[in-house]
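Numbering (our numbering), first residue to last: 25 to 735.
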Amino acid sequence: MKNIFKIYQRDLKKLFTNSMAIILAVGIAVIPSLYAWFNIFANWDPYGSTGNMQVAVIIEDEGYTFKEMEINVGKEIRSNLEANDLIDWQFVSKKEAIGGIEAGQYYAGIEIPKGFSQSLTSIVTDDFKQPQIKYYANEKKNAIATKITDKVVQTIQQEVNVSFVTTVINVVSSLIDFVADANQHGTMDTFGDMSAKLRSASTAVAGVKKTVSSLSAVLDATQEMKNAIDGKNVDRLIDTSDNLVDSSEDLAKLLQTGVNHLTSSVDTALADTAKGLDTAAAEIEDVTGKSDDEIIAKLASVQAKMLQLKAALETVYDALGAVQEFLPVKLTALDKMIADTQDGIEKISKIDSLITQAKKRPAKNKINQILSEMKTLTVDVTALQAGYKKNVKPTVDKNLNAVIDALRVAGDLIADLSGDLPMLRSLAKSLDATANGSADIVMALNKLLDTVKNEIDSLADKVDGLGDSELINTIKNMTSKNSEQLGAFLACPVILETEKVYGIENYGSAMAPFYSTLAIWVGSMILIAVVKTNVKRKKEIGNNVRMHHAYFGRMLTFLTFAVAQSLIICLGDLYFLRIQCFHPAKFLFVGVFAALAFSMFIYSLTYALGDIGKSVGIILLVVQIGGSGGTFPIDVCPSFFRAIHPYLPFTFVINAMRECVCGTYAGDYWIDLLKLSAYIVAALVIGLGVKFLVKKPIRFFEKQVEKTDLF
């Protein structure tokens, strides 16, 4: 033991009695701290200094006027960016921006292209085009800079979304406020007015139905006329011919009115069906990203609408069938339309079945299948309506006009009945067919009019209750709020509230454990590069200086330097850089303990293995930079680094220092120090055991290297 301290005392004496040695010792003690401090200070607050980063902005949007409303998103973006000092925005032309990005003058570029504002409004047109913000990133200039600019561009995109939704909400809010104020002050009872008009329409339909029903009397008279012609009492027929002439003319007019109403109703029903399918499809498309309960509710609403559309198509089917039965000649185009209508009814039934299944278990593939069936049916109904207008309606009108002409001719014939009895008997046959066919069409018209009247009455009842409904009151309450707040809510309904656990004031404090640990290891590497591990002139100490005496004696010198280095590093972190630290004493202790462990381990490697030991120390330094998790989370590193991470001395020291900087958890601090102490044991094993085993091979290796006169 005496020899150990004699070696240590001799080292200190020679150090402090040589001025050059003192200068060298000071340099050895201070240089590692500079390595740590410069790196920590350089990373002190990088994300708070992004205002110096130049990003090019290209705004080519010329604005757009939509429904007398001026929209200029490009101008608004420029105004917002000019007030934003997070980045040094440079408003330049596209040519200058691209050239500057390629030359490295700008870190990135953002382009608001021509027609951007117009694209935002295209959602309400048939030619929808989603607007795009173009982003150019110079990833060569700096790896981290692009990550910062990526985040900035996302922020701009969010601002545009909020601005657009806010504008839409302003328009909708103004419209609803107008209606609400009108209802409140009595200047325009919107819902009451709608209800009154619907009631009036229902009354008009009832009048038409009454008129159509009067056709029965005309048909009875026609039948009477036919019976009279077939009988022997032609004179009696002639006496009543004047009345029948008038009745035939009335029948022709009523038939013309009824047919016009029927064909118009069919066209309207088909158009409403196509529109209803579009609306239902839009509701189905709107379920993306919603909860299962919202999806089921939306499916139930769509299912109810589909049943209404099915009823409308069934009415069209019945009406077309009645027309076909009424006509004296079967029409091929009408037969095809009847078949296509039946096919549409069956497809609605299929969609209804799919919705029932989807309500039990909402699934994306089911929703997509429903949407596909709806779109196919919409195309079919649109084609059906077009075919009706182009092929069926003209042909039906032509044939019905022929029947009407026949009725009018019949009236003329009856007027000349006294001189043309054979023609009257021929006419009887035509009247017989006309009477039978007209009875069928009267029944079809009555059925259709009953359906129309019931639907109008139902709609009027719903409008009556709409004004005071919970939905309308909810909309009024929503729009009564600040439209900008409502727009911001709809554009981003969820706000992220961050609650920091073990929060850190700045990025420099977060990086202090890594760079301080790295500096302590580098300090130990500097020591073995400058200070020799072998003790020379042992006779000055005594005659009994053994290998372990020399090992521990010189180790004390190394440990003295290492402790000095770590104290300078850690004290500078705390009181010069003023990093965040909740436990300064523990921070100093882990720094000193790490210096002892690192210095002993590297010293032992060099003492036992010579230059090979120095190389091992450098290799461990390089490996630990990537495998300690000091910069990036170890979970994102390659598998090799994840595998060695739990066993590296850097890992234990960095974790222990983080406990001091951010706050301790349970006994993690002491556990990390206990794990680090394993390297002290390993150092002793290497310095005493391995040294004895490899002493001769290492000596041979070093002599061979010296012969080269290079090392």
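Glycine residues also receive a C-beta, built at the ideal position from the N, C-alpha and C atoms.
The model shown is predicted, which means the values in this text are computed figures rather than measured ones.
{"Asked": "Straight-line gap, Leu-708 to Thr-630 (C-alpha atoms, nearest Å)", "Found": "12 Å"}
{"Asked": "Closest Cα partner of Asn-162 within the set Ala-121, Val-729, Ile-83 and Ala-574", "Found": "Ala-121"}
{"Asked": "Whole runs of the alpha helix (DSSP H) within the segment 344-421, excluding any shorter than 4 residues", "Found": "356-384 and 388-411"}
{"Asked": "Which of helix, strand or coil DSSP assigns to Gly-650", "Found": "helix"}
{"Asked": "Residue environment, Leu-717, which counts as buried when at least 16 other CB atoms sit within 10 Å", "Found": "exposed"}
{"Asked": "Rounded Cβ spacing between Leu-598 and Phe-617 (contact assumed at less than 8 Å)", "Found": "Wrong, their Cβ atoms sit about 16 Å apart, outside the cutoff."}
{"Asked": "Nonlocal neighbours in the same chain, by C-beta distance under 8 Å from Thr-402, ignoring five residues either side", "Found": "Ala-298, Leu-301, Asp-302 and Ala-305"}
{"Asked": "Inter-residue spacing [alpha-carbon to alpha-carbon] between Leu-39 and Val-50", "Found": "11 Å"}
{"Asked": "Bridge partner(s) assigned by DSSP for Gly-133", "Found": "Ala-80 and Tyr-160"}
{"Asked": "Spatially closest choice to Ala-132 from Val-177, Thr-339 and Leu-105, by CA coordinates", "Found": "Val-177"}
{"Asked": "For Ala-363, the nearest candidate out of Leu-331, Trp-113, Asp-485 and Leu-408 (CA to CA)", "Found": "Leu-408"}
{"Asked": "Range of the contiguous beta strand (DSSP E) that encloses Asp-597", "Found": "Careful: Asp-597 lies outside any beta strand (DSSP E) and carries neither H nor E."}
{"Asked": "CB contact check: Glu-730 to chain C, cutoff 8 Å", "Found": "Protein chain content of the structure displayed is limited to a single chain, and chain C is not contained in it."}
{"Asked": "DSSP bridge partner residues for Thr-89 (one or two, in chain order)", "Found": "Glu-94"}
{"Asked": "Inter-residue spacing [alpha-carbon to alpha-carbon] between Lys-138 and Phe-656", "Found": "41 Å"}
{"Asked": "Nearest-angstrom Cα separation, counted from Phe-600 out to Val-525", "Found": "26 Å"}
{"Asked": "Presumed contact (8 Å Cβ cut-off) between Leu-323 and Leu-344, rounded CB distance", "Found": "Not really, about 31 Å apart at Cβ, beyond 8 Å."}
{"Asked": "Segment limits, beta strand (DSSP E) that includes Phe-40", "Found": "Careful: Phe-40 lies outside any beta strand (DSSP E), inside the alpha helix (DSSP H) at 26-40."}
{"Asked": "Residue range of the beta strand (DSSP E) that includes Trp-68", "Found": "Counting along the chain, Trp-68 falls outside any beta strand (DSSP E), and DSSP gives it neither H nor E."}
{"Asked": "Nearest candidate by alpha-carbon position, reference Ile-64, set Ala-534, Phe-29 and Lys-354", "Found": "Ala-534"}
{"Asked": "DSSP state of Gln-728 mapped onto helix, strand, coil", "Found": "helix"}
{"Asked": "Gln-604 in three-state terms, based on DSSP", "Found": "coil"}
{"Asked": "Assigned exposure category for Asn-679 - 16 Cβ within 10 Å defines buried", "Found": "buried"}
{"Asked": "Cβ-Cβ distance between Asp-85 and Gly-98 below 8 Å", "Found": "yes"}
{"Asked": "Simplified DSSP state of Gln-114, which is helix, strand or coil", "Found": "strand"}
{"Asked": "Classification of Ser-442 by the beta-carbon crowding that lies within 10 angstroms, buried from 16 upward", "Found": "At Ser-442 the pLDDT is 48, less than 50, meaning the model places this residue with poor confidence and gives no usable figure here."}
{"Asked": "Three-way DSSP call (helix, strand, coil) for Lys-329 in this model", "Found": "helix"}
{"Asked": "Beta-carbon gap between Ile-23 and Glu-338 smaller than 8 Å", "Found": "Only positions 25 to 735 of the chain appear in the structure, and residue 23 is not among them; the question remains open."}
{"Asked": "Local conformation of Ser-701 per DSSP, three classes", "Found": "helix"}
{"Asked": "Contact set for Gln-702: own chain, Cβ-Cβ below 8 Å, skip 5 residues either direction", "Found": "Residue 702 is actually Ala in this sequence, not Gln. Same-chain partners within the cutoff: there are none."}
{"Asked": "Other residues of its chain near Leu-697: CB distance less than 8 Å, five sequence neighbours each side excluded", "Found": "Val-614, Phe-617, Phe-676 and Ala-680"}
{"Asked": "Cβ-Cβ distance between Leu-551 and Ala-586 below 8 Å", "Found": "yes"}
{"Asked": "Glu-135 classed as buried or exposed, judged by whether at least 16 other C-beta atoms fall within 10 angstroms", "Found": "buried"}
{"Asked": "Short Cβ contact (8 Å threshold) for Tyr-531 with Asn-67", "Found": "yes"}
{"Asked": "Counted within 10 angstroms of its Cβ, other Cβ atoms place Gly-691 as buried (16 or more) or exposed", "Found": "exposed"}
{"Asked": "Extent of the continuous alpha helix (DSSP H) run through Tyr-539", "Found": "531-554"}
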